[in-house]
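Structure first, commentary second.
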Amino acid sequence: GDQMAVHVPLSAEAQVEARMLMMGSKNILRPASGEPVTTPSHDLVIGAYYLTKPLPGAKGEGMIFSSTDEVRGAYDADRIALHAKIKIKGINKIVEANGKKKRITPPFWKDYTTVGQVLFNEIIPDELGFILANARIPHDTVFSKKGLNQLVGRCFNDLGSVRTAVMLDNLKELGFHYSTTSGLTVGMRDMLIPDSKKEIIGRTAHEIELIEKSSKRGELTEAERYNRVIDNWAKATEEVKNAMMEGLSHDNHGFNPVFMMANSGARGSVDQMKQLAGMRGLMAKPRKKLTGELGETIETPIISSLKEGLSVIEYSISTHGSRKGLADTALKTADAGYLTRRLVDVCQDVIITMEDCGTIRGRVITALKEGEEIIEPLRDRILGRVAAETIYRPGTDDVVCEAGQEITAELASEIDEIGVESVRIRSVLACEAKRGLCDRCYGWDLSRNRMVTIGEAVGVIAAQSIGEPGTQLTLRTFHTGGVAGRQTRESEVVARQSGFVSYHNPCIVKSTDDSGNTVMVSTRNTQLDILDKSGEVLSTYDIVVGSQMAVEDGQKIKKDSLICRSDPFIIPIVAEQEGSVHYVDIEEDTTLKEEIDSEQRKQMVIVEDRSKTLHPHIFILPEQLIVLSGRPRRRDEELFTLSELVKEMTEGHGRIIYTYQQVSTYRTETLAEDFIDRMKDQKKIPIISINCRKAGTGSYAAIVCGAREVIKTFGKKAKKEVAALELAITALEESKKRKNDKLEEQFAAALADLSRKGSFIIIIESLDRGHQGTGNLVKCVQDIVTQSAMMIISDFTSRGARSHIAQPGRKKIASDPVEEFISDSVKGKYPIPSGAHLRVNDGSLIKLGAHIARIERKLGQHRDITGGLPRVDELFEARIPKDAASIAEIDGVVALSPIKAGIRTVTIRGDHGQESAVKIQASKHIRVREGDRVKAGDRLTEGPLSPHDILRIMGTEAAEKYLLNEIQEVYRLQGVNINDKHISIVVRQMLAKAKIDDPGDTHFLEGAQIERLILQRENKAMMMEGKKPATSAVLLLGITKASLATESFLSAASFQETNSVLADAATAGKVDYLHGLKENVIVGHLIPAGTGVKRYQNTRLTLPGGEDLPEPAFPDNMEERDIDETDFDV
């Protein structure tokens, strides 16, 4: 239903232009990436693939020919089959011997060609040589789509567009001919279901059963269980797929039609074949839940393949995925179109305007690596660019490439091969042309593989190169029928080199796992280097918190051996000390919620309290100190804990237990009273309870009474120890002072000695209402309780605020009474972020390296361009991502402050005394701990980075690099190749403006947005005159903002927000100088690009001799106007 205009070139100039510049045979390469765009597809590919594929044991195998013509003769005479393996003199090595010097029979030949390959080479220009056998392009001696692609590209580079066009025509004839004669069909029997499928699925089902079991026991949180199930099924699907491909490739000697189609790239993909004959696998859910990413994938996979047929349930699940794909397609096309429109608008006035801008700046380019694996080699990244500084052969003064020289394909390969790590090239990001760009900074025109010409509208080309795949990629989601493609997350780190291990900051603790083996666990995010003998760093590895380490510091390691393994689904908080656990501010229903997941199991999850006054922490105390909450809700478990402790006490583990008096309508007794009732049944252990409120006078009255009671229980036993204790008691009672350190210690020691003869329990109630002396005594006992076999339980009447976590606000809250007893002995404090699942109970003992809590890591959504387009959009619009990570502003050492009003301040102290403070919500998980060293730009919390932060802290180059790499990442995942220079042009436009901070002596206004190049020129002029230049900060504008901020108001008004743009222009009295493309189209001028550039205005077309072009010819007796339509063949 769309209308499209037809443009007819009328004048001679227009016709020449159309012929020279726009004809199809002249545009063989795609401007986005420099790959050929006119490549064979579908039938042509299958034809060429079929023609060049060898078939073992074909008629005439093993014949040896003297020339290719002879092969043609033999084939025409029907003496040899199309797929037979043969040798040809001058192309193959005639005699092949194996290691035992015996001749190899034809089926085992390594160096051979086939009749089909000879026929294929008849259409290939002679200059390219005999393709395939001498494999100048590495193929598996069979032409697939990739090989044909490279062939067309190579033909274009070596022989030019005319010869390439001829070859493509011949290739078409040949391809169609042989794909017809091959008689390819697809039948049901061509889809072979692998035999090992049953076994793989059985094994996976068993693993899933184990996961479900351990999840029912409560060892895994809901998200962990889900992630593991999904992970296992994804692995199984992958295995079935590989088994199926293996089976198909051997079927019918590799001539299985389904296999040939997918393998040659003619139609379909391995993924689609997997659905036909393997298993359909996991499906995506149609709607995203609002509560985060859980449930992006349905966890029941479709086990059947389409050939076996789906059950009703499988069919119903299957429709979800397909429907989602179709709906996405319809919606996303519009988004991609809009993205293209915004890109064109922001880049449209970027035109090549001059030869060389003369800048000395450039950008350093290295090969793109992920870990040690090279994603894009250096030669591909510098091809067709201009060197900004001279490149030398490493270690010598030999010049490989002069500064200002363009880097051709040969030169690029040479630079890569001699081992140059990085090259500084001219880049559009650093171009200093007054308007547009210069040709040196841009480099090659990728559709012609030569330097770009002046007047080329490179901005529009860049915008279209980025926008066009968007429209294709949006259609990508449903190709797999909604099957969730999920790479199983790698959980192991493997050494890439041999060498010696060196930890950056050792935070590795030894602990034991469930089965009692010793394991080493990393307690923080850290890094590890592998060094060679001289101490040079060979490679660096990131180690996430909670990884199990397989190597020790300083040990020798071989390549490919395991360094550590981690659980990809969780971020644990790991204990760096051992002792007893003490919950602080973790209270049921306010900060601790019991979530019941699908399996009806309880999970303890931390949530943020509404008043923001509680800040969940976990303290680790020495083993002999235990703090229990005394809450009625936790009563049963705490009583159980106490009874366990009593058992340990009799074995000589003395303990001091602090608790609070809390009652509810159901439980009217406090924990201590409950415990006394329990213990009364067991007559063995004497239990003495004293209430400080009711004790006599004297500062030590309460405990002294208790000690007297204890002595009574011993009766005639342990006379020596009893006497010592009585002596201490008397001494205390007689002393008049409030503080007697010596006597207190003496008393405590005597009490401990006595307990070794027979355990007893002293319960001191309402300790905080007692005297100072009683408290002092308890503290004394606390120090030596480990050597005793007694238990002292003290409870407190009130709870208060913890001063060490939250800074006191205006309200004076009484501080917590327990704190004075434990504050000196806290071993470790761990803030627990909201959303974490607790793994330890209050009052329980914890080992080194145990997980205190776990934060679930959300698995990334399916990153196809449905995830991709919004991501590209987010980057180009320079939006601040939600939940952006806070990052360190300077290098230095971290100090954490207490929480105030729900916000914790992280202070970084630099090496030269400078400080920077970052405020972070208390409920967020902080990646760093007190005393860690950070670099500027390191993340302090989990989450995505914001490009604005990178620009502010690390500078423009870092921001450019970040945007470029992040955008490329999205396209690369889709297998789309876009040259860096196109994205760089957009990024250049996003960073083109600066905001004036202090105008100095310039004529700018404070806060004005000025183009950086204009600002630089103005500042230079000021410096020359000795005046004060303006200072400014670079702005990062999104593409919409940037297009509205262009110089030209006509172009901005035709884009968006017309009224406001025109009103602004009118009030400011702007003048539009018509420099860009849109403005000129609007007022009806020639556009200042291509052949419309000023310098080409006076170009006149002449015949080769120099005389004018002839006018259109008409018969003499006819005026030009008399043309009647009868003269035309209508």
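As numbered in my numbering, the sequence shown has no gaps in its residue numbers, which increase by one up to the final residue, 1125. Cβ coordinates follow ideal geometry from the N, Cα and C atoms, glycine included.
Item	Value
Tell me whether Ile503 is buried or exposed, calling it buried when 16 or more other Cβ atoms sit within 10 Å of its Cβ.	buried
Please confirm if the region 1058 to 1077 is in contact with the region 1007 to 1022, defined as three or more CB-CB distances below 8 Å between the two stretches.	no
Put Lys284 into one of helix, strand or coil per three-state DSSP.	Residue placement at Lys284 cannot be trusted, given a pLDDT of 42 that sits under 50; what the coordinates show is reported in the next sentence. Lys284: coil per DSSP, three-state reduction.
Could you have a look at Glu884 and say whether DSSP puts it in helix, strand or coil?	coil
Which complete beta strand (DSSP E) runs does the region 55 to 111 hold, if anything under 3 residues is left out?	80 to 83
Quick check on the DSSP output: the alpha helix (DSSP H) that includes Leu1057 runs from which residue to which?	Thr1053 to Ala1063
Nearest-angstrom Cα distance between Lys284 and Asp878?	Unreliable positioning characterises Lys284 in this predicted model, as indicated by a pLDDT of 42, which lies under 50. A coordinate reading is not provided.
Check whether the region 350 to 364 touches the region 425 to 436, counting contact only when three or more Cβ pairs, one atom from each stretch, lie closer than 8 Å.	yes
Can you tell me which of Ser606, Glu294 and Leu1072 puts its alpha carbon nearest to the alpha carbon of Ala1047?	Leu1072
Would you list, in sequence order, the uninterrupted alpha helix (DSSP H) runs of no fewer than 4 residues that lie entirely inside the region 336 to 406?	373 to 377
Please state the DSSP three-state secondary structure of Ile758.	strand
In or out: Ala479 buried (at least 16 other Cβ within 10 Å) or exposed?	Legend: pLDDT at Ala479 = 39, less than 50; position of this residue unreliable, value from coordinates given subsequently. By the 10 Å Cβ count, Ala479 comes out buried.
So, helix, strand or coil for Leu1096, using DSSP?	coil
Thinking just about the alpha-carbon of each residue, which of Cys352, Ala953 and His977 is nearest to the one in Ala457?	His977
Leaving aside the five residues before and after Gly148 along the sequence, list all residues of the same chain whose C-beta is less than 7 Å from its C-beta, in chain order.	Glu30 and Pro31
Whose C-alpha, out of Ile203, Asn237, Pro189 and Val923, is nearest the C-alpha of Asp226?	Ile203
For His172, which beta-bridge partners are listed by DSSP?	DSSP, once it has assigned bridges, lists no residue as partnering His172.
Counting along the chain, where does the alpha helix (DSSP H) carrying Glu1020 start and finish?	Arg1007 to Glu1020
Give the range of the alpha helix (DSSP H) segment to which Gln10 is assigned.	Ala7 to Glu12
Use the C-beta contact count for Asp434: other C-beta atoms within 10 angstroms, 16 or more gives buried, fewer gives exposed.	buried
When DSSP labels each residue in this structure, what does Asp555 get in the three-state scheme?	coil
State whether the region 185 to 205 contacts the region 266 to 277, with contact taken as three or more CB pairs (one from each stretch) at a distance under 8 Å.	yes
Nearest to Ser839 by alpha carbon, out of Gly995, Arg967 and Ile613?	Ile613
Would you mind working out which of Ala831, Ala718 and His998 sits nearest Lys1023, comparing C-alpha positions?	His998
His201 lies in the alpha helix (DSSP H); which residues open and close that run?	Lys192 to Lys211
Would you call the region 926 to 946 and the region 409 to 424 touching, i.e. three or more CB-CB distances under 8 Å?	no
Just how far apart, CA to CA, sit Gly574 and Val235?	48 Å
DSSP state of Lys140, grouped into three classes?	helix
Mapping the DSSP letters down to three states, classify Gly(-4) as helix, strand or coil.	coil
Decide if Asn165 is buried, meaning its Cβ has at least 16 other Cβ atoms within 10 Å, or exposed.	exposed
On the CB-based measure, 16 or more other CB atoms within 10 Å of its CB, does His499 come out buried or exposed?	exposed
Return the chain-ordered list of same chain residues with a C-beta closer than 7 Å to the C-beta of Thr216, the five sequence neighbours on each side being excluded.	Gln598, His832, Arg849 and Glu851
Taking 8 Å as the threshold (C-beta atoms), are Ile377 and Ile413 in contact?	no
Determine the direct distance from the alpha carbon of Lys505 to that of Asn512, and round the result to whole angstroms.	10 Å
By the 10 Å Cβ neighbour count, where 16 or more other Cβ atoms means buried, how is Phe125 classified, buried or exposed?	buried
Could you check where the beta strand (DSSP E) with Asp434 kicks off and where it finishes?	Careful: Asp434 lies outside any beta strand (DSSP E), inside the alpha helix (DSSP H) at Asp434 to Tyr437.
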